[in-house]
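Chains as they are written, first to last, in the working numbering: chain A, 1 to 727; chain B, 728 to 961.
See below for the structure under consideration.
Structural data, given as structure tokens:
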């Protein structure tokens with residue numbers, strides 16, 4: 001029943017100096033799982049930059065925290081629930097939301113926003129993937145909506161590599177006054193440990209290990225390892241904890257996630273070098289006949305640990321009772337650095353915390369794949385308009401309205417910019433500032449070139465925040481790969497981490513948290529997913545006048561293309577969708593150029609010259625222009641020959657290349673000169689490529705007409721495509 | 728004006744309503760746990776949105792049968808104002824205080840979207856600062872918002888108890904403009920005496936122009952109307 005390797009078994013016996021008891025084995029088994037221990041990744045993760053003047057709490061806890069000024073802080077965390085969602089999409093996705101929300105509670109912050117990043121197989125071909133998408137979205141919607149936290153941003157992508165291993169990433173953001181911050185670490189000897197929330201049952205047993213191996217054909221039988229979601233319990237826990245934190249009655253909070261009590265109790269006292277005594281027979285149970293082992297490793301959802309001093313215990317329990325939150329007193333914090341576990345009066349485990357928590361590192365081999373160099377000549381496309389329409393209506397590009405309308409985007413009354421309105425969500429903060437939030441992934445480019453792919457991904461994150469008028473503050477990352485024992489998979493992991501590190505060091509972006517998820521492979525073919533780092537970015541906007549949306553708002557505005565267009569189409573939607581080619585050269589990223597571009601666009605926004613702004617990413621310039629036309633029904637006429645380019649590129653490459661840092665801005669006619677001065681001063685290439693107006697999207701290359709479609713045609717192709725695919 | 732915001736386990740929008748009321752001058756507001764609510768000098772009782780008791784059985788069904796509803800009925804009988812928003816509307820319908828039923832949306836999916844509403848009756852305590860026929864915007868966010876009148880639509884119309892309807896941006900009713908498939912495009916109704924309003928759209932989310940995609944604040948106008956009415960009555 002345990003997944004420890006022979007080396008780990010030997011190591012455990014050696015460090016303990018005796019044969020561990022069953023309960024000790026179970027704790028090490030959970031704590032040493034890849035999911036909890038990062039044994040194959042932590043030496044690389046240590047190389048990531050984690051500090052910055054706004055960082056209050058970096059990686060290593062349940063959530064990262066940044067200072068947003070005036071005494072307020074924002075917390076952020078990201079989790080995935082890939083394997084549970086592949087087996088039970090509704091329950092897997094819902095419990096994924098529940099888990100990451102509780103992580104935000106552990107630092108004493110109030111959850112205010114959920115983001116998600118979803119990846120499935122090709123829904124055009126696969127009924128299974130449509131079923132997964134439908135139920136994952138329903139799971140997130142039912143859970144997130146019920147607990148009163150808005151889902152404000154997200155992304156959905158389809159690729160055959162996710163057919164039998166979908167990716168369900170959920171990020172959550174919280175806010176609090178600095179004074180009420182808590183660290184999920186128990187430091188006070190003699191304080192009480194309360195287990196609150198759902199009764200412990202047999203569901204979710206072995207979840208940490210389910211997440212730490214590859215799914216296979218027998219995985220269907222592990223449905224029991226997927227937990228049962230109960231958003232109602234989560235909601236009353238959130239309300240109770242909010243009151244307890246406001247009244248300052250708690251010393252620490254800890255979520256019970258993968259591994260249940262087996263991981264939560266040791267982790268609670270590990271960093272503080274304390275110990276704990278845990279009485280498993282005091283736990284409130286769903287099923288009375290559970291064994292001590294089952295109680296220890298159950299992953300029943302909606303459970304948390306509260307650390308409370310003796311003097312506050314009575315008041316805490318009476319508040320829990322008001323909200324009807326079940327709770328039991330299961331242990332105490334001790335000074336001896338040991339975990340002692342009791343069961344019906346008998347001592348069934350007694351081991352040093354560090355021995356239990358610190359997994360032996362796992363060395364992995366890495367090997368660069370021997371890929372044949374890409375050599376293909378891209379055939380010319382006879383009708384660019386047809387290619388454009390097929391891109392615009394493709395599942396990866398088309399509007400995700402079918403998805404996000406199922407999420408409550410506004411509960412909490414803080415959402416200023418909703419999904420579909422701009423390149424990032426914007427939320428109101430209590431200190432008068434605004435928070436920009438975005439989540440992105442780009443497995444197609446990371447597959448072709450993991451290092452450059454990761455750089456492209458960060459480049460896009462930065463631009464997305466820039467386009468809404470926000471300064472990048474921090475990111476959290478979620479790194480998803482196949483089996484790390486496959487040297488080529490491990491190589492791609494190393495490359496992605498290097499890409500993230502190099503970008504963040506150069507752009508001075510702190511990484512305040514993250515997760516790693518390995519063993520994401522197709523359960524039938526065993527083939528690894530494309531490397532999928534997902535970045536959740538947090539930015540700050542100091543004044544509401546800077547908040548910028550991505551749709552044209554005025555007629556007669558000059559449209560400025562900022563940045564240089566290259567002919568690099570590697571890993572692009574155009575290459576794959578129109579030409580059926582995976583490969584090519586992934587666009588190069590120059591971080592300094594990116595930062596300069598970002599700062600000059602922000603300057604232009606601050607100057608009041610920018611009416612709307614949109615990043616060029618998936619589908620390239622053509623798709624970006626179309627997206628700017630649709631919301632307000634304002635057309636545009638542009639000439640691509642004016643575009644700053646790296647060479648004399650073909651029309652299709654100008655239209656659809658996803659390379660390099662580029663932003664489209666609608667500029668206020670009367671402030672064009674100011675705007676140009678800012679861009680010129682920063683040395684950023686730009687050109688006025690057209691003017692807004694009319695009700696058509698007209699794209700020409702000198703005299704040659706490339707695209708001429710009415711805005712209502714664009715809407716038809718773009719807005720309802722996904723609901724048509726979903727039937 | 729004294730406002731009480733009633734909170735059941737699972738209520739979500741209590742603080743949002745409180746925040747929206749903060750924008751209304753001269754309002755004292757308090758969020759009260761359902762077991763602790765007693766008849767008091769409340770000018771307005773709000774049943775906010777959310778998923779009371781997890782919407783077990785049917786949306787609003789358990790809350791509608793909880794003991795506090797007797798106090799709410801007494802308050803209504805004495806002419807007190809009650810505003811039910813979203814789940815609050817569902818509770819009022821489940822309690823039989825307002826007629827009809829709220830069934831799952833025709834799409835069978837949750838819908839979160841800003842919609843256009845037409846003010847059908849501006850001579851109520853809740854709408855007196857709107858003009859008759861005015862088009863306003865507010866967001867909806869619900870699973871079960873399809874109003875079914877059970878044959879009472881004609882009576883509701885003749886007594887002018889339909890307060891808001893869903894319309895398109897052109898002010899006309901139509902399939903496209905009716906997000907959940909409600910009978911008569913009904914978005915909000917009142918009781919016979921106009922002192923109880925239930926509506927599916929969220930005025931508290933439409934109170935701050937910054938939070939509106941159109942820079943509007945029609946939800947604020949609704950709360951101002953209530954304050955205006957209470958002031959006039961005093």
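All C-beta atoms, glycine included, are put in the ideal place defined by N, C-alpha and C.
Contacts with chain A (Cβ-Cβ distance below 9 angstroms) from the region 923-947 of chain B involve 929, 931, 932, 934, 935, 937, 938 and 940, listed in chain order. Taking all protein chains in view, the Cβ of residue 859/B is surrounded by fewer than 16 other Cβ atoms within 10 Å, so the residue is classified as exposed. Under the three-state reduction of DSSP output, residue 99/A falls in the helix class. Distance from the CA atom of residue 330/A to the CA atom of residue 281/A, rounded to whole angstroms, is 8 angstroms. Restricting attention to alpha helix (DSSP H) runs no shorter than 4 residues, the region 62-92 of chain A encloses them at 82-87, ordered along the chain. Every beta strand (DSSP E) stretch that sits fully inside the region 451-509 of chain A and reaches 3 residues is listed by chain position as 471-480. The beta carbon of residue 111/A is closer than 6 angstroms to those of 101, 104, 149, 172 and 174 in its chain, skipping five residues each way along the sequence. Bridge partners of residue 845/B according to DSSP: 862/B and 892/B. Using beta-carbon distances, residue 908/B does not count as an interface residue toward chain A, since no partner is under 8 angstroms. Inter-segment contact for the region 668-686 of chain A and the region 628-639 of chain A is absent: fewer than three beta-carbon pairs are separated by less than 8 angstroms. In the DSSP secondary-structure assignment, residue 331/A is bridged to 193/A and 278/A.
For residue 759/B, the CB contacts under 8 angstroms within the same chain, skipping 5 residues up- and downstream, are 731, 732, 733 and 734 in chain order.
DSSP, reduced to helix, strand and coil, places residue 104/A within a helical segment of the structure shown. Between the region 617-629 of chain A and the region 669-684 of chain A there are fewer than three inter-stretch CB-CB distances shorter than 8 angstroms, so the stretches are not counted as touching. 736, 737, 739, 740 and 743: these are the residues of the region 733-745 of chain B whose beta carbon lies less than 7 angstroms from some beta carbon of chain A, given in chain order. What residue 483/A touches in chain B, judged by beta-carbon distance under 9 angstroms, is nothing: the nearest beta carbon there is about 37 angstroms away. Of the residues assessed, residue 53/A falls on the exposed side of the cut-off, its CB having fewer than 16 other CB atoms within 10 angstroms. Taking C-alpha positions only, residue 276/A is separated from residue 357/A by approximately 13 angstroms.
Looking at the backbone, the Cα of residue 464/A and that of residue 438/A are separated by about 7 angstroms.
In the displayed model, residue 179/A falls within a helix according to three-state DSSP.
Membership of residue 948/B in the alpha helix (DSSP H) is indicated by the continuous run 945-960. For residue 304/A, there is no enclosing alpha helix (DSSP H); the residue is found in the beta strand (DSSP E) stretching over 303-308. For the region 544-557 of chain A, residues whose beta-carbon sits nearer than 7 angstroms to a beta-carbon of chain B comprise 544. One Cα belongs to residue 701/A, the other to residue 651/A, and the distance between them is close to 7 angstroms. Contact annotation for residue 866/B against chain A: 410 [CB-CB distance below 7 angstroms, chain order]. Put simply, the CB of residue 950/B is far from chain A, with every gap to its CB atoms at 8 angstroms or more. When beta bridges are read from the DSSP output, residue 252/A appears opposite 307/A.
DSSP places residue 36/A in the uninterrupted alpha helix (DSSP H) bounded by 34-37.
Within its own chain, the residues whose Cβ lies closer than 6 angstroms to the Cβ of residue 114/A, once the five positions on either side in sequence are excluded, are 144, 149, 151 and 172, listed in chain order. Interface annotation, residue 843/B: not in contact with chain A, CB-CB separation never under 8 angstroms.
Judged by DSSP in its simplified three-state form, residue 312/A adopts helix. With a 10 Å radius around the Cβ and a threshold of 16 neighbouring Cβ atoms, residue 376/A comes out exposed. The continuous beta strand (DSSP E) containing residue 346/A extends over residues 346-352. From the beta-carbon of residue 836/B, the residues of chain A found nearer than 7 angstroms are 406. Within chain A, not a single residue places a beta-carbon under 9 angstroms from that of residue 764/B; the smallest gap is close to 13 angstroms. Beta-bridge analysis with DSSP links residue 25/A to no other residue.
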